[in-house]
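Let me begin by presenting the structure, written as structure tokens, before commenting on it.
In this note's numbering, the protein residues as written are 155 to 290.
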């Protein structure tokens, strides 16, 4: 399944993607399947047929790598159709988000342990927190 092997085809023809005796004798990986260059007879089904074009072993669409065409190279991100270099703004966004989460947790701690909320009932604290959330 996932591999067409015509008569007179050879493993070296599968790796090369061409046959000395003619195109009709060239073994190929079917569309929607993947195999590696190191072990071309182990064929894997892809999650999406569009990501695995078939043909020669190790072929993936959009710059994807790994078995079976499942991730981008280090420093790249999937944009929905291909792998692109991660922009500096994405890294900065992660740092900003981490700082914002830390600031929120610190603020929540001080608000929860202030003199007003320390003696407040659960109902009052919940209502006041919800009110602040809605008003901001």
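Where a beta carbon is used, it is the ideal one built from N, C-alpha and C, also for glycine.
The model shown is predicted, which means the values in this text are computed figures rather than measured ones.
Going by other Cβ atoms of all chains shown within 10 Å of its Cβ, with 16 needed for buried, is residue i buried or exposed?
i: residue 183; result: buried
i: residue 208; result: buried
i: residue 278; result: exposed
i: residue 188; result: buried
i: residue 200; result: buried
i: residue 180; result: buried
i: residue 223; result: buried
i: residue 254; result: exposed
Can you give me the C-alpha to C-alpha distance between residue i and residue j, rounded to a whole angstrom?
i: residue 266; j: residue 275; result: 12 Å
i: residue 186; j: residue 161; result: 23 Å
i: residue 235; j: residue 210; result: 21 Å
i: residue 283; j: residue 269; result: 15 Å
i: residue 247; j: residue 259; result: 18 Å
i: residue 193; j: residue 256; result: 47 Å
i: residue 171; j: residue 203; result: 19 Å
i: residue 280; j: residue 263; result: 14 Å
i: residue 245; j: residue 166; result: 43 Å
i: residue 240; j: residue 249; result: 14 Å
Among all the DSSP beta bridges, which residues are the ones paired with residue i?
i: residue 243; result: BP columns for residue 243 are empty, so no partner.
i: residue 219; result: 225
i: residue 233; result: The partner list for residue 233 (beta bridge, DSSP) is empty, contrary to what the question assumes.
i: residue 209; result: 183
i: residue 158; result: 182
i: residue 177; result: Paired residue(s): none; residue 177 is not in a bridge.
Measuring alpha carbon to alpha carbon, tell me which residue in the options is nearest residue i.
i: residue 229; options: 250, 222, 242 and 253; result: 242
i: residue 261; options: 249, 286 and 239; result: 286
i: residue 212; options: 250, 248, 244 and 168; result: 168
i: residue 217; options: 193, 177 and 237; result: 237
Our contact map puts residue i next to residue j with C-beta atoms below 8 Å; I'd like the distance itself, whole angstroms only.
i: residue 156; j: residue 219; result: Going by Cβ atoms, the distance from residue 156 to residue 219 rounds to 19 Å, so no, they are not a contact pair.
i: residue 214; j: residue 206; result: 6 Å
i: residue 190; j: residue 221; result: 6 Å
Within the 9 Å Cβ cut-off, does residue i reach chain B?
i: residue 162; result: The structure shown has no chain B; it contains just one protein chain.
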